[in-house]
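Chemist:
Numbering (our numbering), first residue to last: 4 to 135.
1. What are the partner residues of residue 10, as DSSP defines its beta bridges?
2. Compute the Euclidean distance between the alpha carbons of residue 34 and residue 63, then round it to the nearest angstrom.
3. Work out the CA separation of residue 123 and residue 9 for me, nearest whole Å.
4. Does the region 106-115 come close enough to the region 25-32 that 3 or more CB-CB pairs lie under 8 Å?
5. Quick check on residue 81 - is its C-beta less than 8 Å from some C-beta in chain B?
6. Determine, using beta-carbon pairs with one atom in the region 38-47 and one in the region 16-26, whether at least three such pairs fall under 8 Å.
7. Select from 57, 99, 86 and 49 the residue whose C-alpha is nearest the C-alpha of residue 80.
8. Using three-state DSSP, classify residue 80 as helix, strand or coil.
9. Going by DSSP in three states, residue 91 sits in which element: helix, strand or coil?
10. Considering only residues of the same chain and omitting the five flanking positions on each side of residue 4, which have a CB-CB separation below 7 Å?
11. Please report the straight-line C-alpha distance between residue 76 and residue 103, rounded to a whole angstrom.
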């Protein structure tokens, strides 16, 4: 798909959740299929999801870099990203992971999509336990 189509999907997704108050997202087309997305999605309770994605949408969506940082006031609730974290010499670096409420707590996981992250936030709003 063209990068503009992916940008439109992100814009539509952000506005499709009832707990989303507003969003401020910039879309930077780098090539026909490649782009950078950066911004914030503001929730009705004052919490905010900061997002960054550097993607190639030519075939399957390939996110070269992503970060989804969800916080309430100045406190981290969770963050997903793919910045490699060093491990002891006998272990491979952790690439796809979640910071669960603390910068020092890193849990390996599958790479979530923005929809996955918004669904997790929806579960928090509903008082349920998130899937991840």
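We treat Cβ as the ideally placed atom computed from N, Cα and C, and that holds for glycine.
Modeler: The structure says:
1. Looking up residue 10 in the chain shown gives position 7. Per DSSP, none; premise fails for residue 10.
2. In the chain shown, the residue the question calls residue 34 occupies position 31. In the chain shown, the residue the question calls residue 63 occupies position 60. Cα to Cα, the separation comes out at about 16 Å.
3. By 1-based counting over the chain shown, the position of residue 9 is 6. By 1-based counting over the chain shown, the position of residue 123 is 120. About 21 Å.
4. no
5. In the structure shown, chain B does not exist; there is a single protein chain.
6. yes
7. Taking the chain shown and counting its residues from 1, the one referred to as residue 80 is at position 77. The candidate whose alpha carbon is nearest that of residue 80 is 49.
8. Counting from one through the chain shown, the residue named residue 80 turns up at place 77. Strand.
9. In the chain shown, residue 91 corresponds to position 88, counting from 1. Bear in mind that the predicted position of residue 91 carries a pLDDT of just 47, short of 50, making it too unreliable to give a figure here.
10. As a working note, residue 4 is residue 1 in the chain shown. Result list for residue 4: 60, in chain order.
11. Here residue 76 is taken as the residue at index 73 of the chain shown, counted from 1. Here residue 103 is taken as the residue at index 100 of the chain shown, counted from 1. Cα to Cα, the separation comes out at about 16 Å.
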